[in-house]
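Chemist: Mind having a look at this structure? Questions to follow.
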Amino acid sequence: MKYIDRIFFWLFASILYIYFKLYHRLEVLGKEFVTKKTSIIIASNHASFLDPPCIGIACLPNSLNYIAIDYLFKFPPLAWVLHVSGALPISVDTKASSAGLIVTMTKYLKEGKNVFVCPEGQRTPNGHLCPLQGGVALMSIKSGSPVIPTYIAGSYRAMSRHVIFPRPYKLRVIFGEPIDPKTLPNELTDKEKRKFILDQLLSFYKEQEKIYGID
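Rendered as structure tokens:
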């Protein structure tokens, strides 16, 4: 990132930080699990448009990348905002293809980038978890990057898909212990490894949902 971009990134991040701390009283738990040692996959539940920027702020000073449709980068002001905020371009065709998406995200991970993914693949319509998709586990296995189970509580009440303007509900971001594919037994098949990672994620999400209720 260029020097001027870095300045604007931290200015933009500071504004978001103040917004989330004052308006949503943001609390971050388990920050020690977000390490700089290797590229990581932040795998979060998804209830609101607030989730990506909120979790991005919770990860600071570690940078966090997410995907955005490449045609959005054709509009200069928006392209700059996307670039500075860590967006990575992806084509419509690639996003629509599970295999293409996994290949692209794995490439970014191997380049040392931290990526944000939502294993549910969509925002929840009712606050409860949707079924998890297997792409996140496959990315982890292929790249060797650990998955950080992440739960954001309160974002459904703050801004569900039925709400236009955010409400001032408290938000909590909880990071769990990393699920490292390199530590899984060698005798497990890739299919068994994927199941193990997804089972660990689901267990973490359900535990947090039990503690905090509908997110």
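In this text, residue positions in the sequence shown follow this note's numbering: the first is -4, and each later residue adds one. Where a beta carbon is used, it is the ideal one built from N, C-alpha and C, also for glycine.
(1) Quick check on this structure: which residue in K69, R189, D0 and H41 has the alpha carbon closest to the alpha carbon of V131?
(2) Determine contact between the segment 155 to 163 and the segment 178 to 192, defined as no fewer than three beta-carbon pairs at a distance below 8 Å.
(3) Which residues does DSSP list as the beta-bridge partners of E22?
(4) Output yes or no for whether 9 Å exceeds the beta carbon distance between I206 and F170.
(5) In chain order, which continuous runs of the alpha helix (DSSP H) of length 4 or greater are located wholly inside the segment 137 to 207?
(6) Applying the criterion that 16 or more other CB atoms from any shown protein chain within 10 Å of the CB defines a buried residue, is G149 buried or exposed?
(7) So, do the segment 117 to 134 and the segment 194 to 203 have three or more beta carbon pairs nearer to each other than 8 Å?
(8) Assign V110 to one of three DSSP states: helix, strand, or coil.
(9) So what's P84 in DSSP terms, helix, strand or just coil?
(10) Is it a yes or a no for the segment 53 to 73 touching the segment 107 to 124, going by three-plus beta-carbon pairs under 8 Å?
(11) Please check the pair L124 and E202, which I expect to be a contact at CB under 8 Å, by giving their CB distance rounded to whole angstroms.
(12) May I ask you to verify whether the segment 114 to 123 touches the segment 39 to 48, counting CB pairs closer than 8 Å and requiring at least 3?
Modeler: On the basis of the data shown:
(1) For the purposes of this step, residue 131 is taken as residue 136 along the sequence shown, with counting starting at 1. The alpha carbon of V131 has as its nearest neighbour, out of K69, R189, D0 and H41, the alpha carbon of R189.
(2) Between the segment 155 to 163 and the segment 178 to 192 there are fewer than three inter-stretch CB-CB distances shorter than 8 Å, so the stretches are not counted as touching.
(3) The residue you call residue 22 lines up with position 27 of the sequence shown. Bridge partners of E22: R167.
(4) Locating residue 206 in the sequence shown gives position 211, counting from the first residue. Locating residue 170 in the sequence shown gives position 175, counting from the first residue. No, Cβ-Cβ distance for I206 and F170 is not below 9 Å.
(5) Whole alpha helix (DSSP H) segments, 4+ residues: 150 to 154 and 185 to 207.
(6) Locating residue 149 in the sequence shown gives position 154, counting from the first residue. It is buried - the Cβ of G149 has at least 16 other Cβ atoms within 10 Å.
(7) The segment 117 to 134, when compared against the segment 194 to 203, does touch it at the 8 Å Cβ threshold.
(8) Walking along the sequence shown from the start, residue 110 turns up at place 115. Residue state, collapsed to three classes: strand.
(9) Position 89 of the sequence shown, counted from the start, is the residue given in the question as residue 84. Residue state, collapsed to three classes: strand.
(10) Touching, yes.
(11) On the sequence shown, position 129 is the one that residue 124 refers to. On the sequence shown, position 207 is the one that residue 202 refers to. At roughly 11 Å, the Cβ-Cβ gap does not stay under 8 Å, so L124 and E202 are not in contact.
(12) The segment 114 to 123, when compared against the segment 39 to 48, does touch it at the 8 Å Cβ threshold.
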